[in-house]
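Below: the structure, in structure tokens.
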Amino acid sequence: MQQLPQMASVSDLRHRHIEIFAKLTEGPVLIANHNRPAGVLISPEQWDMFVEELDMLRDM
169 MQQLPQMASV SDLRHRHIEI FAKLTEGPVL IANHNRPAGV LISPEQWDMF
219 VEELDMLRDM
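Reminder that position 40 of the sequence shown reads as 208 in this note's numbering, one-by-one numbering, no gaps.
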């Protein structure tokens, strides 16, 4: 079962960006603007993993 991503508001990101970036080691962080999903932050390592998996799927 996939767990829900961590969440932070745009305001949280503005004021606590160092803490939120540190949380990326635990998984993606959903960024909300006015309580609506606005984006997702992922670590560079996780990004690389996703890109590699997509490349492998395209080659099938």
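In this text, a Cβ means the ideal position worked out from N, Cα and C, and glycines have one as well. Here the structure is a predicted model, which means the values were calculated and not measured.
Drop a sphere of 10 angstroms on the beta-carbon of residue i, count the other beta-carbons inside from all chains shown, and report buried for 16 or more, exposed for fewer.
i           : result
residue 266 : Limits of the chain in this structure are 169 at one end and 228 at the other, which puts residue 266 out of reach.
residue 116 : Residue 116 falls outside the range modelled here, since the chain spans only 169 to 228, and no answer is possible.
residue 197 : buried
residue 225 : exposed
CB-CB under 6 Å to residue i, same chain, minus the five flanking residues each way: which ones, in chain order?
i           : result
residue 201 : 178
Over the uninterrupted beta strand (DSSP E) stretch that includes residue i, give me the two end residues.
i           : result
residue 204 : 204-209
Going along the chain, which residues of its own chain have a beta-carbon closer than 8 Å to the beta-carbon of residue i, five neighbours each way excluded?
i           : result
residue 174 : 191, 194, 195, 196, 197, 198
residue 180 : 188
With residue i as the anchor, note down where its alpha helix (DSSP H) starts and where it stops.
i           : result
residue 222 : 212-226
TODO: Would you check if there are 3 or more beta carbon pairs closer than 8 Å linking the region 209-221 to the region 184-195?
DONE: Touching, per the Cβ criterion.
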